[in-house]
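K.L.:
Okay, handing you the structure first.
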Amino acid sequence: MGVHTYVGRVMQTPTRDQLDTGDRVIVVDEGTIVATHDASSDVAATATAATADVTTIPEGSVLMPGLVDLHIHAPQWPQLGTALDLPLEKWLFEHTFPCEARFADANFARVVYADLVGSLLAHGTTTAVYYSSVHRQATIELARACAAAGQRAFVGRVAMDHPEGTPEWYRDADARSALADSEASIDEVRSVAGPDGIVEPILTPRFGPACTDELLAGMGELAAASGVRVQTHCSESDWQHGYAFERFGMSDTEMLDRFGLLADHTILAHADFVSSADMGLIAGRGAGIAHCPLSNAYFGNAVFPARRALDAGVRVGLGTDIAGGARAGVLQQCHDAVTVSRLLDDGVDASIAADRRGVANSAIDTVTAFWLATAGGAEALGVPVGLLDVGRRFDALVVDLDRRGGAIRYWADIDDDARLFEKIVRLAGPDDISTVWVDGRTVVGN
Ligand code: GUN
Ligand code: FE
Numbered sequence: 002m003g004v005h006t007y008v009g010r011v012m013q014t015p016t017r018d019q020l021d022t023g024d025r026v027i028v029v030d031e032g033t034i035v036a037t038h039d040a041s042s043d044v045a046a047t048a049t050a051a052t053a054d055v056t057t058i059p060e061g062s063v064l065m066p067g068l069v070d071l072h073i074h075a076p077q078w079p080q081l082g083t084a085l086d087l088p089l090e091k092w093l094f095e096h097t098f099p100c101e102a103r104f105a106d107a108n109f110a111r112v113v114y115a116d117l118v119g120s121l122l123a124h125g126t127t128t129a130v131y132y133s134s135v136h137r138q139a140t141i142e143l144a145r146a147c148a149a150a151g152q153r154a155f156v157g158r159v160a161m162d163h164p165e166g167t168p169e170w171y172r173d174a175d176a177r178s179a180l181a182d183s184e185a186s187i188d189e190v191r192s193v194a195g196p197d198g199i200v201e202p203i204l205t206p207r208f209g210p211a212c213t214d215e216l217l218a219g220m221g222e223l224a225a226a227s228g229v230r231v232q233t234h235c236s237e238s239d240w241q242h243g244y245a246f247e248r249f250g251m252s253d254t255e256m257l258d259r260f261g262l263l264a265d266h267t268i269l270a271h272a273d274f275v276s277s278a279d280m281g282l283i284a285g286r287g288a289g290i291a292h293c294p295l296s297n298a299y300f301g302n303a304v305f306p307a308r309r310a311l312d313a314g315v316r317v318g319l320g321t322d323i324a325g326g327a328r329a330g331v332l333q334q335c336h337d338a339v340t341v342s343r344l345l346d347d348g349v350d351a352s353i354a355a356d357r358r359g360v361a362n363s364a365i366d367t368v369t370a371f372w373l374a375t376a377g378g379a380e381a382l383g384v385p386v387g388l389l390d391v392g393r394r395f396d397a398l399v400v401d402l403d404r405r406g407g408a409i410r411y412w413a414d415i416d417d418d419a420r421l422f423e424k425i426v427r428l429a430g431p432d433d434i435s436t437v438w439v440d441g442r443t444v445v446g447n
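Going by the numbering used here, the first residue of the sequence shown is number 2, and it counts up by one from there.
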């Protein structure tokens, strides 16, 4: 790969309240950013002249860090956009488990996963954190699809053995076999990940209701012994939140901690109902939350208080929750995260007086949303991406302005950097994204 230099207009968010823009020269060595310069500086000219490989981002295009999707169910790709009017339990049993059960067929998995990974890359998702199904072979196919397409990914075989929380036609036979398959899947994912290691395993107990105590305890032990990250669903809805107190006599967060599943860089999906004490526990353990705003509107029964979680020191990023959320891109989740935060702030019932209607200080803006989608998600995972800065891997995308068929219109006299950034975050889709790199490799465009 060697040294490659990129020259262009950069927009990114180093912190959740800071938009950083400017014409830059970015020097990448073997996929790692080793220097960045202001394009107008003398040292930039020297750096550009010194490298044989220079990519100049055209005027009218913007270079941004790649997007991190912290929560995706890969085998739910075929049902994207359907059955979202049901409550979570019904949606799982009547639509989702039947869809996932089809991935017993590894050939079907291969076709679906190639399509999924290609689609997500086109949306600029350079890092994806996947739930696979219970099937080991299909899980290998998912890891292979990511490695082949060059997407940075965490791939988790789903563990679920509870005789009541799962249907008998789609579950692990028992805790012991679930643990054995989860352990074997770690090596299987690694074996197809390729030498650069951008595809990694992640332990995936589905959620409390789908797992026996024996399985939860065993997964905690496996996490500690293997050092592999964990992902699960936490306090997603009224139902899941109440279920934890009924079965375990404590909150979902406390239960996960009790079983050793709340570790550094554990990814908790949703967490709409976590208390302040839960947030303290999550922050203290170094776990993070995948905020899935659109999915929550359907299944969450509440809006996740993203700003309160960030203020409590919790690591937070964004997730599509495909297919609980019906939109595949992380920029769309930025849009939705801003929207639902405003609904939480204002409240939604006009019959209630304005001063009692909402939860004050809940709103987030597009800068915070994009930070969640990039540096925030990267921090939750503990992966050096999410920012075009020294020491990070070069995961990036180019958004074209004024592209025919695209969503963004740029008025040079009117749109300053801040406005243009808002337009990109709120409006850009695959038609506006011309190039995507992961780990210094071109994965979309040429
Ligand atoms: N809880 C357990 N499984 C799932 C799932 O597949 N999607 C969502 N949204 N919540 C879950
Ligand atoms: Fe989910």
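Glycine included, each C-beta is placed from N, C-alpha and C at the ideal position.
In its own chain, which residues sit with a C-beta less than 7 Å from the C-beta of G406, not counting the 5 before and 5 after it?
P.N.:
Taking the first residue of the sequence shown as 1, we reach residue 406 at position 405. Counting only Cβ-Cβ distances below 7 Å, and skipping sequence neighbours, we find D432.
K.L.:
Using 8 Å as the cut-off, can you tell me whether the stretch 62-77 makes contact with the stretch 305-324, which would need three or more C-beta pairs spanning the two stretches below that distance?
P.N.:
Contact between the stretch 62-77 and the stretch 305-324 is present, because at least three Cβ pairs lie under 8 Å.
K.L.:
Which residues neighbour the ligand FE when neighbourhood means a C-beta less than 6 Å away from any of its non-hydrogen atoms? List them by chain order.
P.N.:
In chain order, the hits are H72, H74, H234, A270, D322, G325.
K.L.:
Would you say the beta carbon of R158 comes nearer than 6 Å to a heavy atom of the ligand GUN?
P.N.:
Counting from one through the sequence shown, the residue named residue 158 turns up at place 157. It does not: the Cβ of R158 is nowhere closer than 6 Å to a heavy atom of the ligand GUN.
K.L.:
Where in the stretch 334-418 do unbroken runs of the alpha helix (DSSP H), each at least 4 residues long, occur, reported from the N-terminal end onward?
P.N.:
Within the stretch 334-418, the complete alpha helix (DSSP H) runs of at least 4 residues are 355-358, 367-372, 378-382.
K.L.:
Measuring CA to CA, which of G221, V8, P15, S276 is closest to F371?
P.N.:
Start at 1 with the first residue of the sequence shown, and residue 371 comes out as number 370. Nearest option by C-alpha distance: P15.
K.L.:
Leaving out five residues on either side along the sequence, give the residues of the same chain with a beta carbon under 8 Å from the beta carbon of A150.
P.N.:
Here the question's residue 150 lines up with position 149 in the sequence shown. So the list reads A115, V118, G119, L122, V444, once near-sequence residues are dropped.
K.L.:
Should F208 be listed as close to the ligand GUN, given that the test is whether its C-beta is under 6 Å from any heavy atom?
P.N.:
Residue numbering aside, residue 208 sits at position 207 when the sequence shown is read from its first letter. Correct: F208 has its Cβ closer than 6 Å to the ligand GUN.
K.L.:
Measuring straight from C-alpha to C-alpha, what distance separates S41 and R25?
P.N.:
Sequence index remark: in the sequence shown, residue 41 carries index 40 (1-based). Sequence index remark: in the sequence shown, residue 25 carries index 24 (1-based). Each residue's Cα considered, the two are about 8 Å apart.
K.L.:
Hey, would you say A381 sits closer than 7 Å to G318, going by beta carbons?
P.N.:
Taking the sequence shown and counting its residues from 1, one reaches residue 381 at position 380. Taking the sequence shown and counting its residues from 1, one reaches residue 318 at position 317. Yes, these two residues count as a Cβ contact at 7 Å.
K.L.:
Starting from the Cα of D312, find the closest Cα among M12, D18, T6 and give me that residue.
P.N.:
In the sequence shown, counting from the first residue as 1, residue 312 sits at position 311. Taking only the C-alpha atoms, the option nearest D312 is D18.
K.L.:
Would you report the Cα separation of R393 and F208, rounded to the nearest angstrom?
P.N.:
What you label residue 393 is simply residue 392 of the sequence shown in a count that begins at 1. What you label residue 208 is simply residue 207 of the sequence shown in a count that begins at 1. Spanning the two alpha carbons is a distance of roughly 32 Å.
K.L.:
Figure out for me which residue from I290, R328, S296 has the closest Cα to the Cα of G314.
P.N.:
Sequence index remark: in the sequence shown, residue 314 carries index 313 (1-based). For G314, the nearest C-alpha among the options comes from I290.
K.L.:
Tell me whether the stretch 328-344 and the stretch 361-377 touch, counting them as touching only if at least three CB pairs, one residue from each stretch, are closer than 8 Å.
P.N.:
Yes: the two stretches touch, three or more of their Cβ pairs being nearer than 8 Å.
K.L.:
Using three-state DSSP, classify Y299 as helix, strand or coil.
P.N.:
Indexing the sequence shown from 1 puts residue 299 at position 298. Helix.
K.L.:
Quick check: what's the CA-CA separation for T49 versus H266?
P.N.:
If you number the sequence shown from 1, residue 49 lands on position 48. If you number the sequence shown from 1, residue 266 lands on position 265. Looking at the two C-alpha atoms, the distance is approximately 37 Å.
K.L.:
Should F300 be listed as close to the ligand GUN, given that the test is whether its C-beta is under 6 Å from any heavy atom?
P.N.:
Residue numbering aside, residue 300 sits at position 299 when the sequence shown is read from its first letter. Yes, the Cβ of F300 comes within 6 Å of a heavy atom of the ligand GUN.
K.L.:
Which complete beta strand (DSSP E) runs does the stretch 237-311 hold, if anything under 3 residues is left out?
P.N.:
Here the runs fully enclosed are 268-271, 289-292.
K.L.:
Sort G67, V29, R420, G61 by Cα distance to A51 and report the nearest one.
P.N.:
The residue labelled residue 51 in the question sits at position 50 within the sequence shown. When each option's Cα is compared against that of A51, the closest is V29.
K.L.:
Let me confirm a value: P206 is counted as buried when at least 16 other C-beta atoms fall within 10 Å, else exposed. Which label applies?
P.N.:
Within the sequence shown, residue 206 is the residue found at index 205, counting from 1. P206 should be labelled buried.
K.L.:
For F208, which three-state DSSP category applies?
P.N.:
For the purposes of this step, residue 208 is identified with residue 207 of the sequence shown, where counting begins at 1. The answer is coil: DSSP assigns F208 none of H, G, I, E or B.
K.L.:
Report the start-end ranges of each alpha helix (DSSP H) in the stretch 21-63 that is 4 residues or longer and not cut off at the edges.
P.N.:
Here the runs fully enclosed are 43-51.
K.L.:
Under a Cβ-count criterion, where at least 16 other Cβ atoms within 10 Å of its own Cβ denotes burial, should E184 be classed as buried or exposed?
P.N.:
For the purposes of this step, residue 184 is taken as residue 183 along the sequence shown, with counting starting at 1. The residue in question, E184, is buried, as its Cβ has 16 or more Cβ neighbours within 10 Å.
K.L.:
Relative to the alpha-carbon of D258, which residue among V437, P385, G32, G221 has its alpha-carbon at the smallest distance?
P.N.:
Along the sequence shown, read from residue 1 onward, the residue named residue 258 stands at position 257. It is G221.
K.L.:
From the DSSP output, which residues share a beta bridge with Q232?
P.N.:
In the sequence shown, the residue the question calls residue 232 occupies position 231. Paired residues: I268.
K.L.:
Assign D116 to one of three DSSP states: helix, strand, or coil.
P.N.:
Your numbering for residue 116 matches position 115 in the sequence shown. Reduced to three states, the DSSP call for D116 is helix.
K.L.:
Quick one: residues in its chain with C-beta nearer than 6 Å to the C-beta of D279, no 5 flanking neighbours on either side, listed in chain order?
P.N.:
The count along the sequence shown starts at 1 and reaches residue 279 at position 278. Hits under 6 Å: S252, T254.
K.L.:
For V83, does the three-state DSSP call read helix, strand or coil?
P.N.:
Here residue 83 refers to the residue found at position 82 when the sequence shown is read from its first residue. Reading off the sequence, residue 83 comes out as Thr, not Val. Three-state result, T83: coil.
K.L.:
Do V113 and W78 have their C-beta atoms closer together than 7 Å?
P.N.:
As a first step, residue 113 is located in the sequence shown; it is residue number 112 there, counting from the start. As a first step, residue 78 is located in the sequence shown; it is residue number 77 there, counting from the start. Result yes, Cβ atoms of V113 and W78 sit closer than 7 Å.
K.L.:
Residues in its own chain within less than 6 Å of G378 by CB, not counting five upstream and five downstream?
P.N.:
By 1-based counting over the sequence shown, the position of residue 378 is 377. So the list reads V69, L71, G318, once near-sequence residues are dropped.
K.L.:
What are the residues that DSSP puts in a beta bridge with W170?
P.N.:
To locate residue 170, count along the sequence shown from 1; it is residue 169. Answer by DSSP bridge pairing: none, since W170 is not bridged.
K.L.:
Do the stretch 80-93 and the stretch 296-306 touch if we need at least three Cβ pairs shorter than 8 Å?
P.N.:
Yes, the stretch 80-93 is in contact with the stretch 296-306.
K.L.:
From E215, S277, F155, pick the residue whose C-alpha is nearest to that of A174; which is it?
P.N.:
Counted from its first residue, the sequence shown places residue 174 at position 173. Among E215, S277, F155, the Cα nearest to that of A174 belongs to E215.
K.L.:
Taking the alpha-carbon positions, what's the R309 to G359 distance?
P.N.:
Position 308 of the sequence shown, counted from the start, is the residue given in the question as residue 309. Position 358 of the sequence shown, counted from the start, is the residue given in the question as residue 359. If I take the Cα positions, the gap works out to 14 Å.
K.L.:
Does Q13 come out as helix, strand or coil in the three-state DSSP assignment?
P.N.:
Translated into positions along the sequence shown, residue 13 becomes position 12. Three-state DSSP puts Q13 in a strand.
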